[in-house]
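If you count the sequence shown from 1, you need to add 8 to reach this note's numbering. Reviewing the structure listed below.
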Amino acid sequence: MQSGQVAYRALEGRRILLGVTGSIAAYKAAALCRLLKTAGAEVRVVMTPLAKQFITPLTMATLSKNPILVEFFDPENGAWNSHVSLGEWADCYVIAPATANTLAKMRTGVADNLLLTTYLSARCPVAVAPAMDLDMYAHPATQENLRELTARGVKIVEPGEGELASGLTGKGRMAEPEEIAASLNALFAARTDSPLRGRRFVVTAGATIEAIDPVRFISNHSTGKMGYAIAGELARRGAEVVLVSGRTSLPTPAGVERRDVLSADEMFHATVEAFADADGAVMCAAVADYTPAEVATTKIKKNDGELTLALRRTRDIAAHLGTQKGRRVLVGFALETDHEADNAEAKLTKKNFDFVVLNSLRDPGAGFGGDTNKVTFIDRRGREELPLLSKTEVAARIAGRIESLLTKN
């Protein structure tokens with residue numbers, strides 16, 4: 009076995025689609041292609057038209073041992089290069105280098121070349137290795153694009169710091185081929201070796217909506233970002249994931265089965281049904297505790313004086329699952345504004361959770377809407393407070409804890 013196969017064992021036999029965009033760092037794509045081939049992966053390469061100005065298709069074809077795809081069809085014979093087939097073929101799609109232009113198009117869904125249409129068709133994990141000048145990388149637009157792509161499940165192989173093509177020194181230099189190969193190896197290793205592989209998990213996410221009349225409702229500020237990040241991370245580690253989702257604008261994470269609901273009652277039934285044949289659940293949704301006792305069939309008109317709404321208690325989904333738990337894993341969330349730890353510990357016992365993920369709205373950067381979170385894990389052995397992290401990193405930490413529990417069980 010060659011050294012590359014030892015270092016990147018999980019890449020052996022994998023089908024990797026390598027995208028190359030128009031950057032001076034395109035020369036590193038040749039070394040990356042060679043590393044992937046040495047590790048035993050099958051590699052196909054798709055290039056943007058501009059990428060041909062930086063590295064020749066002949067070089068990439070020689071290293072990958074496959075024809076290079078650039079255009080939608082071959083002008084010589086009319087043969088169609090199907091982006092759908094490419095997306096279905098690949099076990100992983102890595103774009104290295106990924107320019108600021110390509111990242112922006114990926115975020116907004118622009119599909120003006122074969123590389124981008126293939127991205128929109130890909131059903132596999134997608135990774136990008138950004139490469140650009142330091143000011144372009146640091147620009148708020150680029151950073152926002154990277155945050156949004158991360159939230160959608162795209163793996164970002166962080167650029168390094170060093171001398172750039174402009175002559176400046178800073179962050180923006182594409183990660184070295186060895187780093188990218190290691191990152192892809194870790195991605196596959198997590199899916200192959202994780203105790204989550206083949207397990208079935210339910211994740212609840214987002215806000216419920218409790219109708220007052222045909223126009224108005226009671227809800228909360230949850231966007232579903234944390235729950236969607238967890239669902240995506242569990243799926244990346246090989247779990248079969250059912251995502252029971254309240255209303256949100258987020259795209260479904262790759263490899264996740266999504267079931268949409270509106271009300272707390274709908275979420276109760278969908279979650280209980282999914283949990284029946286699951287190995288565990290993560291209760292991340294912001295479910296209404298109360299719902300109108302009666303829903304008006306027509307719009308309630310404004311009158312003089314006050315309006316009083318009678319509310320009734322909704323069924324506690326997590327508590328119900330706790331009574332059915334057995335040896336399965338059950339993870340809860342607690343979003344608190346006061347007596348945070350005490351309230352979370354009470355939930356741990358009352359709802360039979362294995363551990364609780366505590367958010368405090370007092371912590372800057374935590375809570376609804378943002379891309380970061382600051383949480384504390386609480387179980388029967390104690391507490392583990394984490395620093396402010398991206399929600400994708402928090403999801404990875406939660407998945408790691410679940411893996412430890414599955415190993416012990």
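Where is the CB? At the ideal position from N, CA and C, for every residue including glycine. What you are looking at is a predicted structure, and each value in this text was computed from that prediction instead of being measured.
If you follow the alpha helix (DSSP H) that residue i is part of, which residue opens it and which one closes it?
i           : result
residue 109 : 108-116
residue 399 : 399-416
residue 65  : 65-72
residue 358 : 348-358
residue 244 : 233-244
residue 79  : Element bounds for residue 79: n/a, residue is neither H nor E.
residue 42  : 35-46
residue 20  : Looking at the DSSP string, residue 20 is not in any alpha helix (DSSP H), and its letter there is neither H nor E.
residue 330 : 325-332
residue 131 : From DSSP, residue 131 is part of no alpha helix (DSSP H); its letter is neither H nor E.
residue 391 : Residue 391 -> not in any alpha helix (DSSP H); beta strand (DSSP E) instead, spanning 390-393.
residue 160 : Here residue 160 belongs to no alpha helix (DSSP H), and DSSP marks it neither H nor E.
residue 143 : 142-146
Buried or exposed: residue i, going by 16 or more other Cβ atoms within 10 Å of its Cβ?
i           : result
residue 382 : buried
residue 28  : buried
residue 253 : buried
residue 193 : buried
residue 10  : The pLDDT assigned to residue 10 is 43, lower than 50, so where the model puts this residue is not dependable, and the model offers no usable value.
residue 230 : buried
residue 72  : buried
residue 149 : exposed
residue 406 : buried
residue 395 : exposed
residue 207 : buried
residue 93  : exposed
residue 318 : exposed
residue 80  : exposed
residue 412 : exposed
residue 311 : exposed
residue 163 : buried
residue 218 : buried
residue 173 : exposed
residue 241 : buried
residue 308 : exposed
residue 258 : buried
residue 348 : buried
residue 24  : buried
residue 107 : buried
residue 75  : exposed
Locate the beta strand (DSSP E) running through residue i, then write down its first and last residues.
i           : result
residue 27  : 23-28
residue 419 : The shown model of the chain, from 9 to 417, leaves out residue 419, and the question about it has no answer.
residue 426 : No statement about residue 426 is possible, as the shown extent of the chain runs from 9 to 417 and does not include it.
residue 5   : Since the displayed the chain opens at 9 and closes at 417, residue 5 lies outside it and no answer follows.
residue 384 : 383-387
residue 253 : 248-253
residue 342 : 337-344
residue 299 : 298-300
residue 418 : Past the edges of the chain, shown from 9 to 417, lies residue 418, and the structure says nothing about it.
residue 168 : 168-171
residue 418 : No statement about residue 418 is possible, as the shown extent of the chain runs from 9 to 417 and does not include it.
residue 52  : 50-55
To the nearest whole angstrom, what separates the beta carbons of residue i and residue j, a pair I think is in contact under 8 Å?
i           : j           : result
residue 98  : residue 68  : Not really, about 16 Å apart at Cβ, beyond 8 Å.
residue 399 : residue 234 : 5 Å
residue 390 : residue 361 : Not a contact, Cβ separation roughly 14 Å.
residue 336 : residue 287 : 6 Å
residue 188 : residue 102 : 7 Å
residue 301 : residue 320 : 5 Å
residue 232 : residue 256 : 4 Å
residue 178 : residue 142 : 3 Å
residue 105 : residue 34  : 6 Å
residue 77  : residue 122 : 6 Å
residue 49  : residue 22  : 5 Å
residue 220 : residue 303 : 7 Å
residue 410 : residue 204 : 7 Å
residue 403 : residue 237 : 4 Å
Would you call the segment 277-290 and the segment 215-233 touching, i.e. three or more CB-CB distances under 8 Å? no
Per the contact definition of three or more C-beta pairs closer than 8 Å, is the segment 115-132 in contact with the segment 199-214? no
3 or more residues per run - each beta strand (DSSP E) lying fully within the segment 260-293: 264-268 and 288-291
The segment 254-267 contacting the segment 353-366, beta-carbon criterion three pairs below 8 Å: no
For the pair the segment 38-58 and the segment 114-126, tell me if three or more CB-CB distances fall below 8 Å. yes
I'd like the ranges of any alpha helix (DSSP H) spanning at least 4 consecutive residues and lying wholly in the segment 173-218. 185-201
Would you say the segment 105-115 touches the segment 138-157, given that touching needs at least three Cβ pairs under 8 Å? yes
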